[in-house]
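Visitor:
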Amino acid sequence: MQHISARLIKSLSFSSIPGTTLQEIASSRPKGVAKVVLKKGKTQLFKDGSPMVYSGAVDRIIGRPPPRTGDIVLVADGTEKPIGWGLYNSVSMFCVRLMQLEEEATRLSGLIVDVFGDLAVIASSAAWVEKYKREIEACISRIDEINHINWRPSVEILKEEGINLSDLKEMRPSACPERTKVMENGIFYAISLEGQKTGFYADQRENRQFISTISDGQKVLDICCYSGGFALNAARGGAVNVTGVDTSLPALELAKENIVLNNMDPGRISFLREDAAEFMKGALSKNESWDVIIVDPPKLAPRKKVLQSALGMYRTLNSLAMQLTKRGGLLMTCSCSGAMTQSGMFLPTLQGAASMAGRKITVLRQAGAACDHPIDPSYPEDQPLRTAESKPSKEVQNLAYG
Numbered sequence: 001m002q003h004i005s006a007r008l009i010k011s012l013s014f015s016s017i018p019g020t021t022l023q024e025i026a027s028s029r030p031k032g033v034a035k036v037v038l039k040k041g042k043t044q045l046f047k048d049g050s051p052m053v054y055s056g057a058v059d060r061i062i063g064r065p066p067p068r069t070g071d072i073v074l075v076a077d078g079t080e081k082p083i084g085w086g087l088y089n090s091v092s093m094f095c096v097r098l099m100q101l102e103e104e105a106t107r108l109s110g111l112i113v114d115v116f117g118d119l120a121v122i123a124s125s126a127a128w129v130e131k132y133k134r135e136i137e138a139c140i141s142r143i144d145e146i147n148h149i150n151w152r153p154s155v156e157i158l159k160e161e162g163i164n165l166s167d168l169k170e171m172r173p174s175a176c177p178e179r180t181k182v183m184e185n186g187i188f189y190a191i192s193l194e195g196q197k198t199g200f201y202a203d204q205r206e207n208r209q210f211i212s213t214i215s216d217g218q219k220v221l222d223i224c225c226y227s228g229g230f231a232l233n234a235a236r237g238g239a240v241n242v243t244g245v246d247t248s249l250p251a252l253e254l255a256k257e258n259i260v261l262n263n264m265d266p267g268r269i270s271f272l273r274e275d276a277a278e279f280m281k282g283a284l285s286k287n288e289s290w291d292v293i294i295v296d297p298p299k300l301a302p303r304k305k306v307l308q309s310a311l312g313m314y315r316t317l318n319s320l321a322m323q324l325t326k327r328g329g330l331l332m333t334c335s336c337s338g339a340m341t342q343s344g345m346f347l348p349t350l351q352g353a354a355s356m357a358g359r360k361i362t363v364l365r366q367a368g369a370a371c372d373h374p375i376d377p378s379y380p381e382d383q384p385l386r387t388a389e390s391k392p393s394k395e396v397q398n399l400a401y402g
């Protein structure tokens with residue numbers, strides 16, 4: 001659990017739910033638990049910890065009636081010996097989300113809970129989470145600090161999970177506040193429950209703090225700024241001028257409110273509503289430049305099938321940003337697309353952007369999500385956030401990894 005508020009903010013990991021042995025699962029519902037048998041040679045991958053059983057790894061399914069989406073199933077090797085249990089999906093390419101191996105702690109794939117003070121915001125991105133909504137809410141409500149729960153389904157992902165969209169709706173009881181306030185790294189943020197993700201991008205916490213350490217006396221540009229996280233940290237770190245750009249009017253209203261919350265000088269920090277690429281093209285036409293630029297776009301490649309088109313967008317945005325970065329300046333660029341991370345194309349895309357911009361770059365630092373977003377080394381595909389700080393210049397420089 002992580003404290004980043006004058007009251008409390010936590011990202012919860014449900015690894016403390018009591019486990020159940022495979023024998024207990026099988027014996028408790030002997031006629032109701034289907035068995036998903038893996039193909040020869042596929043078992044070790046999941047014993048090593050990969051939580052996603054792709055349909056291509058499945059040899060056969062034993063059980064009548066066949067399992068339905070959200071049902072508990074046993075996962076077995078080729079000899080039909082159970083190796084773990086998980087939650088089944090008849091539509092998704094993830095046939096089973098493994099929840100537990102024998103004598104292993106439970107893991108809950110597809111469920112995110114961010115806690116802001118006494119408010120828990122639940123982000124659902126798996127069919128099983130929707131099916132067990134009542135049980136999940138009951139579990140969370142037993143936590144002493146939680147007084148309100150807001151349920152936020154990830155509609156586009158759940159559509160691929162085979163969920164009927166008419167069944168999806170955000171659940172916020174009438175007593176639940178529409179807004180709240182938190183503090184991170186000494187900076188206050190207004191959070192709207194109508195905002196993006198869970199209302200706040202807690203995974204960028206450490207990267208935001210890093211920006212505050214390199215902004216003293218600098219002119220800073222925050223592209224795709226949302227509610228101003230990087231911009232506010234730059235201002236707090238001593239930047240002489242900070243500009244944030246985003247297309248979302250509600251996000252910019254939060255950002256401007258955050259200036260007031262933190263008693264910052266509106267003459268030093270401002271937020272503009274404009275398309276990122278169009279703003280940067282306009283700035284180039286006016287020969288503007290910045291010492292530090294942050295590019296943190298939304299998820300441009302939510303799925304592998306759109307990765308190629310997304311690579312072009314990443315390349316264009318970063319090329320424009322590199323052209324706007326002063327000689328010897330710094331660019332922090334981010335990708336929150338899992339497909340990009342999995343492809344290994346983030347750095348090659350940045351190199352392509354540098355070629356387009358006629359610049360040479362040196363990578364000074366690579367980072368990811370904050371420490372409360374752990375990565376399972378057996379399933380690196382679950383790592384969505386990548387950041388790289390580079391130093392564009394007209395000179396050839398050595399590539400350094402930090």
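Residue numbers (the UniProt record's numbering): 1 to 402.
The beta-carbon is built from N, C-alpha and C at its ideal position, and this holds for glycine as well.
None of the values given here were measured: they were computed from a predicted structure.
Could you have a look at E178 and say whether DSSP puts it in helix, strand or coil?
Guide: The residue given as residue 178 occupies position 178 in the sequence shown. If DSSP states are grouped into helix, strand and coil, E178 belongs with coil.
Visitor: Does R29 come out as helix, strand or coil in the three-state DSSP assignment?
Guide: Position 29 of the sequence shown, counting from 1, holds the residue named residue 29. For R29, the pLDDT reaches just 49, beneath the cut-off of 50, and the residue's location in the model is therefore unreliable, although a value from the coordinates is still provided. Coil, per DSSP.
Visitor: Can you list, in chain order, the residues of its chain whose CB lies under 7 Å from that of M93, leaving out five sequence neighbours each side?
Guide: On the sequence shown, position 93 is the one that residue 93 refers to. Closer than 7 Å at the Cβ level, and outside the excluded window around M93, lie Y54, S55.
Visitor: Whole alpha helix (DSSP H) runs in the stretch 136-216 with 4 or more residues, listed along the chain?
Guide: 155-160, 205-213
Visitor: Which residues in the same chain as N233 place their Cβ atom closer than 6 Å to its Cβ, once the five residues preceding and following it in sequence are excluded?
Guide: As a position in the sequence shown, residue 233 is number 233, starting the count at 1. Spatial neighbours of N233 in its own chain (CB-CB distance under 6 Å, excluding positions within 5 residues in sequence) are listed in chain order as R208, I211, S212.
Visitor: Quick one: residues in its chain with C-beta nearer than 8 Å to the C-beta of C176, no 5 flanking neighbours on either side, listed in chain order?
Guide: Here residue 176 refers to the residue found at position 176 of the sequence shown. Cβ neighbours of C176 beyond the five flanking positions: L119, H148, I149, N150, L193.
Visitor: Among K81, D71, S270, which residue has its Cα nearest to the Cα of V129?
Guide: Numbered from its first residue, the sequence shown carries residue 129 at position 129. Among K81, D71, S270, the Cα nearest to that of V129 is on D71.
Visitor: Quick check on DSSP: helix, strand or coil for S285?
Guide: Translated into positions along the sequence shown, residue 285 becomes position 285. S285: helix per DSSP, three-state reduction.
Visitor: Tell me the DSSP secondary structure of M345 in three-state form.
Guide: For this step, residue 345 is matched to residue 345 along the sequence shown. It is coil, neither helix nor strand.
Visitor: With DSSP collapsed to three states, give me the class of G312.
Guide: Stepping through the sequence shown from its first residue, residue 312 is reached at position 312. Three-state result, G312: helix.
Visitor: Grouping DSSP H, G and I as helix and E and B as strand, with all else coil, what is K131?
Guide: Translated into the one-based positions of the sequence shown, residue 131 becomes position 131. Correct three-state label for K131: helix.
Visitor: The alpha helix (DSSP H) that contains L87, what's its start and end?
Guide: Counting from one through the sequence shown, the residue named residue 87 turns up at place 87. Taken as a continuous stretch (DSSP letters only), L87 belongs to no alpha helix (DSSP H), being part of the beta strand (DSSP E) at 82-88.
Visitor: How is F14 classed by DSSP in three states: helix, strand or coil?
Guide: The residue you call residue 14 lines up with position 14 of the sequence shown. Note that F14 scores a pLDDT of 38, beneath 50, so its modelled location is shaky and nothing firm can be said.
Visitor: For a test of the three-state rule: what should DSSP assign to L300, helix, strand or coil?
Guide: Working through the sequence shown from its first residue, we reach residue 300 at position 300. DSSP places L300 in coil when its eight states are reduced to three.
Visitor: Quick check: the Cα distance between P66 and V75, rounded to an integer number of angstroms?
Guide: For this step, residue 66 is matched to residue 66 along the sequence shown. For this step, residue 75 is matched to residue 75 along the sequence shown. Taking the straight line joining both Cα atoms gives about 14 Å.
Visitor: DSSP has N241 in a bridge; who is on the other side?
Guide: As a first step, residue 241 must be located in the sequence shown, where it is residue number 241. Partner(s): K219.
Visitor: Does D43 come out as helix, strand or coil in the three-state DSSP assignment?
Guide: Position 43 of the sequence shown holds residue 43. First, the amino acid is wrong: residue 43 is Thr here, not Asp. Helix, per DSSP.
Visitor: What is the DSSP secondary structure of M93, counted as helix, strand or coil?
Guide: By one-based count along the sequence shown, residue 93 stands at place 93. DSSP places M93 in coil when its eight states are reduced to three.
Visitor: For the beta strand (DSSP E) holding A367, just list the boundary residues, first then last.
Guide: Looking up residue 367 in the sequence shown gives position 367. Note, A367: beta strand (DSSP E), 360-367.
Visitor: If you count every other CB in all the chains shown that lies within 10 Å of the CB of T333, and 16 or more means buried, which is it?
Guide: As a first step, residue 333 must be located in the sequence shown, where it is residue number 333. Under this definition T333 is a buried residue.
Visitor: Can you give me the C-alpha to C-alpha distance between V242 and R152, rounded to a whole angstrom?
Guide: Your numbering for residue 242 matches position 242 in the sequence shown. Your numbering for residue 152 matches position 152 in the sequence shown. Those two C-alpha atoms are separated by around 32 Å.
Visitor: Between the Cα of S355 and the Cα atoms of L324, N262, S319, C371, which residue gives the shortest distance?
Guide: For the purposes of this step, residue 355 is taken as residue 355 along the sequence shown, with counting starting at 1. The option with the nearest alpha carbon to S355 is S319.
Visitor: Where E206 and F46 are concerned, what is the direct C-alpha to C-alpha distance, given to the nearest angstrom?
Guide: Numbered from its first residue, the sequence shown carries residue 206 at position 206. Numbered from its first residue, the sequence shown carries residue 46 at position 46. Approximately 32 Å between the Cα atoms of the pair.
Visitor: Is it true that the CB of V37 sits closer than 8 Å to the CB of V73?
Guide: The count along the sequence shown starts at 1 and reaches residue 73 at position 73. The count along the sequence shown starts at 1 and reaches residue 37 at position 37. Not closer than 8 Å, so no.
Visitor: What's the gap between the Cα of I146 and the Cα of A138?
Guide: Looking up residue 146 in the sequence shown gives position 146. Looking up residue 138 in the sequence shown gives position 138. Each residue's alpha carbon lies about 11 Å from the other.
Visitor: Mind checking whether G186 and G217 have CB atoms under 8 Å apart?
Guide: Locating residue 186 in the sequence shown gives position 186, counting from the first residue. Locating residue 217 in the sequence shown gives position 217, counting from the first residue. With respect to the 8 Å criterion, G186 and G217 are not classified as neighbours on the basis of their beta carbons.
Visitor: Candidates T316, L254, F271: which alpha carbon is nearest A277's?
Guide: On the sequence shown, position 277 is the one that residue 277 refers to. The residue with the shortest Cα to Cα distance from A277 is T316.
Visitor: Quick check: what's the CA-CA separation for G84 versus I61?
Guide: Here residue 84 corresponds to residue number 84 of the sequence shown, with the count starting at 1. Here residue 61 corresponds to residue number 61 of the sequence shown, with the count starting at 1. Computed Cα separation, rounded: 15 Å.
Visitor: Of the residues V113, M313, R64, which one's Cα is nearest the Cα of D203?
Guide: For the purposes of this step, residue 203 is taken as the residue at position 203 of the sequence shown. Ranking the options by Cα distance to D203, first place goes to V113.
Visitor: Ends of the beta strand (DSSP E) at R273?
Guide: Taking the first residue of the sequence shown as position 1, residue 273 is located at position 273. Note, R273: beta strand (DSSP E), 269-273.
Visitor: Could you check if E184 is buried or exposed, using at least 16 other CB atoms within 10 Å of its CB as the buried criterion?
Guide: Here residue 184 corresponds to residue number 184 of the sequence shown, with the count starting at 1. Buried, since its Cβ has 16 or more Cβ neighbours within 10 Å.
Visitor: Put S125 into one of helix, strand or coil per three-state DSSP.
Guide: Counting from 1 along the sequence shown, the entry for residue 125 is found at position 125. Three-state DSSP puts S125 in coil, outside helix and strand.
Visitor: Please state if the CB of L261 and the CB of A190 are separated by a distance shorter than 8 Å.
Guide: Against the sequence shown, residue 190 aligns to sequence position 190. Against the sequence shown, residue 261 aligns to sequence position 261. With a cutoff of 8 Å on beta-carbon distance, A190 and L261 are scored as near each other.
Visitor: According to DSSP, what are the bridge partners of Q100?
Guide: Along the sequence shown, one-based indexing puts residue 100 at 100. Note: Q100 sits in a beta bridge opposite W85.
Visitor: Quick check: the Cα distance between D265 and K326, rounded to an integer number of angstroms?
Guide: Position 265 of the sequence shown holds residue 265. Position 326 of the sequence shown holds residue 326. Straight-line Cα distance between these residues: approximately 25 Å.
Visitor: Between which two residues does the alpha helix (DSSP H) containing G229 stretch?
Guide: Position 229 of the sequence shown holds residue 229. Per DSSP, G229 belongs to the alpha helix (DSSP H) from 229-236.
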